[in-house]
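Heads up: the structure comes next, in structure tokens.
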Amino acid sequence: DTGVSQDPRHKITKRGQNVTFRCDPISEHNRLYWYRQTLGQGPEFLTYFQNEAQLEKSRLLSDRFSAERPKGSFSTLEIQRTEQGDSAMYLCASSHGDRGSHNEKLFFGSGTQLSVL
Amino acid sequence: RKEVEQDPGPFNVPEGATVAFNCTYSNSASQSFFWYRQDCRKEPKLLMSVYSSGNEDGRFTAQLNRASQYISLLIRDSKLSDSATYLCVVNTPGGSYIPTFGRGTSLIVHP
């Protein structure tokens with residue numbers, strides 16, 4: 001399978017715990033995005049990497065959230081001190097595009113469903 | 118005001134009907150526009166890009182009106198399998214262009 005893969009598929013945690021999700025993009029894709037989606041809403045942008053550089057981060061993103069893409073391949077998203085409001089589907093998407101380009105198509109993983117009790 | 122707005126629906130139509138969705142965007146400097154389809158409990162998948170001159174892919178037609186800042190999707194001869202949520206996506210300028218999603222429009226096609 002050469003699509004975008006995310007791990008784990010589901011995560012249940014208690015409030016206050018830290019969680020980490022992993023995303024493996026399509027191998028030749030240099031761009032990687034993290035989105036969050038709740039029921040009845042569209043995906044909400046969290047952060048974006050061009051290769052290993054984190055170029056954009058949503059202003060709405062709490063300091064409890066951090067993402068890395070150390071070698072420009074897989075990425076991790078960590079949420080510290082989880083809150084019930086963090087419960088959502090966390091989606092990773094990848095694409096290929098040169099810096100400054102804007103018309104690439106996104107390929108999504110199946111997501112990680114987070115439930116904070 | 119949200120950057121990308123869509124009527125959430127649901128649009129409930131019989132098989133064979135023609136249905137149209139609209140989407141408006143707030144940033145006039147936006148570039149690149151897309152429609153994605155999302156099935157229940159699945160990830161979004163690209164349906165089609167939207168070009169300035171309008172474009173068609175089988176039963177699906179997409180149009181862009183830059184002056185009024187809206188995008189439309191027309192589905193002809195609806196099939197049961199078209200039932201899904203249709204997400205409008207606009208690449209919104211910031212430091213980089215970020216794909217910004219609307220909340221989606223739900224379509225239910227019934228026999």
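Residue numbers (my numbering), protein chains in the order written: chain E, 1 to 117; chain B, 118 to 228. Glycine included, C-beta positions come from ideal geometry on N, C-alpha and C.
To the nearest angstrom, report how far apart residue 164 of chain B and residue 153 of chain B are at their CA atoms.
5 Å
Classification of residue 82 of chain E by the beta-carbon crowding that lies within 10 angstroms, buried from 16 upward:
buried
Cross-strand partners of residue 205 of chain B (DSSP beta bridge)
B:152
Does any C-beta atom of chain B lie closer than 8 Å to the C-beta of residue 10 of chain E?
no
Just to make sure I have the definition right: I need the residues of chain B whose C-beta is within less than 8 Å of the C-beta of residue 48 of chain E. Which are they?
213, 215
Whole-angstrom Cβ separation of residue 127 of chain B and residue 221 of chain B, contact assumed at under 8 Å?
Actually they do not touch by this definition, with Cβ atoms about 10 Å apart.
If contact is defined by three or more beta carbon pairs under 8 Å, each pair taking one atom from either stretch, is the segment 23 to 43 of chain E in contact with the segment 138 to 149 of chain B?
no
Kindly list the residues whose CB is nearer than 8 Å to the CB of residue 84 of chain E, restricted to its own chain and excluding five residues on each side of it in sequence; keep chain order.
15, 116, 117
Beta-carbon proximity check, residue 106 of chain E vs residue 216 of chain B, cutoff 8 Å
yes
According to a CB-to-CB cut-off of less than 7 Å, which residues of the segment 53 to 65 of chain E neighbour chain B?
55, 56
Determine the direct distance from the alpha carbon of residue 23 of chain E to that of residue 74 of chain E, and round the result to whole angstroms.
6 Å
Taking three-plus beta-carbon pairs below 8 Å as touching, is the segment 162 to 178 of chain B in contact with the segment 190 to 202 of chain B?
yes
Assign residue 2 of chain E to one of two classes, buried (16 or more other C-beta atoms within 10 Å of its C-beta) or exposed (fewer than that).
exposed
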